[in-house]
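Residues in the sequence shown are numbered consecutively from 16, following our numbering.
Just so it is clear, CB atoms sit at the ideal spot from N, CA and C, and this is done for glycine as well.
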Amino acid sequence: MFGLGWPEIAALVVIALLVFGPEKLPQAAAQAGRTLRNLRQMANNAKEDLRSGLGPEFSDFDPADLNPKNFVRKHLTADIEDDWNGASATAAVAAPAYATSYAAEAASELGYGEIPPYDSEAT
């Protein structure tokens, strides 16, 4: 629980007994529990409001993906993990025809004075 061991938890209980006293400790614990439940409910409501406000295009949006650590893991190391697991070979087979033809077209080198392909919808 939060990286705390039994000695730390026991020390927190003793400090709570000294601060609140034995008669008010149950009330303080109940108030802390209600506050934690309300904070969790507010966070879940904010997450749902964000998802509904973004629309159906972002139905799989997870705010945890905005954390830089998770973002890097998801977008940069996913390819490496797929290569290790052999998923890249199956993904290439399952790719649609237009994606493979575009990739082959993009991979070919341009000659001198040749204009690169332009996608008006990409800008």
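| CA-CA distance, T92 and E38? | Using only the alpha carbons, I get a separation of about 53 Å.
| field | Member of G20, E72, V28, N59 whose CA lies at the smallest distance from the CA of A9 | value | In the structure displayed, the chain extends from 16 to 138; residue 9 sits before or after that span and is not available.
| said: Is the separation between the beta-carbon of F76 and that of R88 shorter than 9 Å? | reply: Going by C-beta atoms, F76 is not nearer than 9 Å to R88.
| What residue does the alpha helix (DSSP H) around P83 start on, and which one ends it? | 83-90 is the extent of the alpha helix (DSSP H) around P83.
| query | So, is P71 buried or exposed, given that buried needs 16 or more other C-beta atoms within 10 angstroms? | reply | Exposed, by the Cβ-count rule.
| query | How many angstroms separate the CA atom of E63 from the CA atom of L69? | reply | About 10 Å.
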